[in-house]
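So the structure is just underneath, and the comments pick up after that.
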Amino acid sequence: MGGDQWTSTGPYQKDLESAFRQAQERELAEDDHGFPGRDIVDLWEDDHWREYILTGGTSSVLDFYDLVDAASGDDFAMMRPLTEDEVRDWAPEGRPTRVRWTAALRSGAASFPGRGTGRCTILYCDGEPAEIGYWGCTAD
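Each number in this note's numbering comes from the position in the sequence shown (counting from 1) with 35 added on.
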């Protein structure tokens, strides 16, 4: 097995941690992956869930336990926002749209992280924050 790359978007909130948790709640409501009636914190306390993530994962924001600071390194099962410099590497104006983000990932201008790690960034529409772009790679 070789880690699957994935992308998704979620609703924008000024507080990225809240936006991340909201995206997780929405994803879990759409598909509980055979773990009904649990929230994300409960799931990550379950040995069976952690094994599920390690051996295949969900290819979604559910594969991550928490959102870390943009300046943090890559820790397993953590979603990390891009730094301003990382965004400007592929969106020089610093306000990427969904179209630019998608194109940057396709071209390799924005890279996918290694296995078991994720990234996120604010995406803009007409110069205003509109949504959050999430992407990552499963741990398997």
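The C-beta atom is built at its ideal place from N, Cα and C for all residues, glycine as well.
Using DSSP bridges, identify the partner residues of Ser107.
Position 72 of the sequence shown, counted from the start, is the residue given in the question as residue 107. Paired residues: none, contrary to the question.
Which same chain residues, not among the five before or five after Tyr100, have their C-beta less than 6 Å away from its C-beta?
To locate residue 100, count along the sequence shown from 1; it is residue 65. Trp79 and Ala112, listed in sequence order.
Per the DSSP calculation, Ile167 is bridged to which residue(s)?
In the sequence shown, counting from the first residue as 1, residue 167 sits at position 132. Partner(s): Gly45 and Ile157.
Outcome for Cys155 when other beta-carbon atoms lying within 10 angstroms are tallied against a minimum of 16
As a working mapping, residue 155 is identified with position 120 in the sequence shown. By the neighbour-count criterion, in which 16 or more other beta carbons inside 10 Å mark a residue as buried, Cys155 falls on the buried side.
Under the three-state DSSP convention, the category Leu102 falls into:
Taking the sequence shown and counting its residues from 1, the one referred to as residue 102 is at position 67. It is a strand residue.
Can you tell which of Ser94, Glu121, Ser95 and Gly162 has the C-alpha that lies nearest to the C-alpha of Ala106?
Within the sequence shown, the letter at position 71 stands for residue 106. Cα-wise, what sits closest to Ala106 is Glu121.
In three-state terms, what does DSSP make of Thr132?
Counting from 1 along the sequence shown, the entry for residue 132 is found at position 97. If DSSP states are grouped into helix, strand and coil, Thr132 belongs with the strands.
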